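Colleague: Pasting a structure here, questions to come.
In my numbering, the protein residues as written are 995 to 1375.
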């Protein structure tokens, strides 16, 4: 095997010169499941921002917190209007004096007033307690409670439906491979990763994007985060079957001058995303993940997942994260392109002058005459 080429495994020992001082632990900018590893502190008027956009706040909170808030909204509304009915009955004298001119029938205690409020808002109507036409303030209170009850029901149903149809749940069914690979593709070094849809209802269309994220901490304690876009071939795809997205490492790429040893020493994070439209709901979703240099495998190739049968195509998702070793140069793409240019080409090989070249033999003339004959075209499948 030529020394320029090798097949590398992530567990192989590659000698890298590092300093003796301890290296600080690096944290991901974007976690593997796609969430950002960022915490905001001392946001001005944070609670006011959450209350102003209360619908989005309730959609993003956890289910148990949402159920607790909705249960408290019903219970507190029943309790509030129950107190109003009890005060109305107390002021009107329905609790102490049993007369025919009363506001609310069968409301002579706070418990009865609370039950009347619950029955009114939930439209149960047992038939024992009811409103009379003798007290206008009680009639207005019942009307206001019915309107507020409609608002609470509409808000709860809308939040639950929006939370169940959240884009985050759909994004969990579209996934990336656990690692990225670097191999040769059409004579160029390429960085590639795989994306697939695990549901039977496929996506309409999608756009892939990738960025190199670097973070640098200065001696003063300040931190700079830089982003570099990677040019992706065939960004717009229809994700019917698992697709390999690749970036050609060519001049202008952040990885153009990076070899295998440089990759093992590099400090960056490859953040990839896939924005797509679901054909079932028509909603726009996005799936994200990230790869560290340790998760970028040099000299690996994704195994083929698609098989063709008589009636359909078969996709084996067991092979979604499987890779195989291939021969790939250890040098950077820049050095590899330079060596390809220096490689002699048979078309530009020097010819012998007629004076110094010997006379061709009869056998060579027959060979040349045979080569000049027309040959049938060959097709490679």
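The beta carbon of each residue, even a glycine, is placed where N, CA and C say it ideally should be. On a predicted model such as this, the values are computed, not experimentally measured, just so you know.
Would you list the residues sitting across from residue 1264 in a DSSP beta bridge?
Modeller: Its beta-bridge partners are 1206 and 1285.
Colleague: Between the region 1149–1161 and the region 1045–1060, do three or more beta carbon pairs fall short of 8 Å?
Modeller: Enough Cβ pairs lie closer than 8 Å, so yes.
Colleague: Judging by CA-CA distance, which residue of 1291, 1032 and 1082 is the nearest neighbour of residue 1219?
Modeller: Selected option, being the one with the closest Cα: 1032.
Colleague: Cutting at 7 Å between CB atoms, please list the residues of its own chain near residue 1351, excluding the five before and the five after it.
Modeller: Confidence in residue 1351 is poor, its pLDDT being 41 and thus under 50, which makes the residue's placement unreliable; the coordinate value appears in the next sentence. So the list is empty, once near-sequence residues are dropped.
Colleague: Just checking: is the beta-carbon of residue 1154 within a distance shorter than 8 Å of some beta-carbon in chain C?
Modeller: Checking the listed chains, one finds no chain C in this structure; it contains a single protein chain.
Colleague: Mapping the DSSP letters down to three states, classify residue 1102 as helix, strand or coil.
Modeller: If DSSP states are grouped into helix, strand and coil, residue 1102 belongs with coil.
Colleague: To the nearest angstrom, how far is it from the Cα of residue 1126 to the Cα of residue 1110?
Modeller: If you take the alpha carbons of residue 1126 and residue 1110, they lie about 13 Å apart.
Colleague: Nearest to residue 1204 by alpha carbon, out of 1229, 1213 and 1215?
Modeller: Looking at the Cα atoms, 1229 is the closest of the given residues.
Colleague: Within a Cβ cutoff of 7 Å, which residues of the same chain sit near residue 1131, ignoring the five residues on either side of it in sequence?
Modeller: Result list for residue 1131: 1082, in chain order.
Colleague: Measuring alpha carbon to alpha carbon, tell me which of 1171, 1086 and 1079 ends up nearest residue 1268.
Modeller: The candidate whose alpha carbon is nearest that of residue 1268 is 1171.
Colleague: Taking residue 1297 and residue 1320 to be in contact with their CB atoms under 8 Å, please state how far apart those CB atoms are, rounded to whole angstroms.
Modeller: That pair is no contact at about 11 Å.
Colleague: State the Cα-Cα distance for the pair residue 1036 and residue 1042, rounded to the nearest angstrom.
Modeller: Straight-line Cα distance between these residues: approximately 13 Å.
Colleague: Starting from the Cα of residue 1116, find the closest Cα among 1104, 1147 and 1090 and give me that residue.
Modeller: Answer by Cα proximity: 1147.
Colleague: Once DSSP output is grouped into helix, strand and coil, what is the label at residue 1250?
Modeller: Reduced to three states, the DSSP call for residue 1250 is coil.
Colleague: Tell me which residue opens and which closes the beta strand (DSSP E) that residue 1170 is part of.
Modeller: Start and end: 1168–1170.
Colleague: DSSP three-state call for residue 1025: helix, strand or coil?
Modeller: The answer is coil: DSSP assigns residue 1025 none of H, G, I, E or B.
Colleague: Exposed or buried, residue 1353, counting other C-beta atoms within 10 Å across all chains shown (16 or more means buried)?
Modeller: The predicted position of residue 1353 is uncertain, since its pLDDT is 40 and thus under 50; a value taken from the coordinates is nonetheless stated next. Counting Cβ neighbours within 10 Å, residue 1353 comes out exposed, since fewer than 16 surround it.
Colleague: Can you give me the C-alpha to C-alpha distance between residue 1173 and residue 1025, rounded to a whole angstrom?
Modeller: Between residue 1173 and residue 1025, the C-alpha separation is close to 13 Å.
Colleague: For residue 1328, which residues in the same chain have their Cβ closer than 6 Å to its Cβ, ignoring the five residues on either side in sequence?
Modeller: Around residue 1328: 1250 and 1251.
Colleague: Per the DSSP calculation, residue 1038 is bridged to which residue(s)?
Modeller: Partner(s): none; residue 1038 has no beta bridge.
Colleague: Could you work out which residue in 1287, 1276 and 1244 is closest to residue 1265 when comparing CA atoms only?
Modeller: Per the Cα distances, 1287.
Colleague: Just to confirm my understanding: we take residue 1021, look at its own chain, exclude 5 residues before and 5 after, and list those with CB closer than 8 Å. What are they?
Modeller: Closer than 8 Å at the Cβ level, and outside the excluded window around residue 1021, lie 1031.
Colleague: Can you tell me whether residue 1296 is helix, strand or coil according to DSSP?
Modeller: Here residue 1296 sits in strand by DSSP.
Colleague: Look at the alpha carbon of residue 1029 and the alpha carbon of residue 1208, and state the distance between them as a whole number of angstroms.
Modeller: Residue 1029 and residue 1208: Cα-Cα distance of roughly 18 Å.
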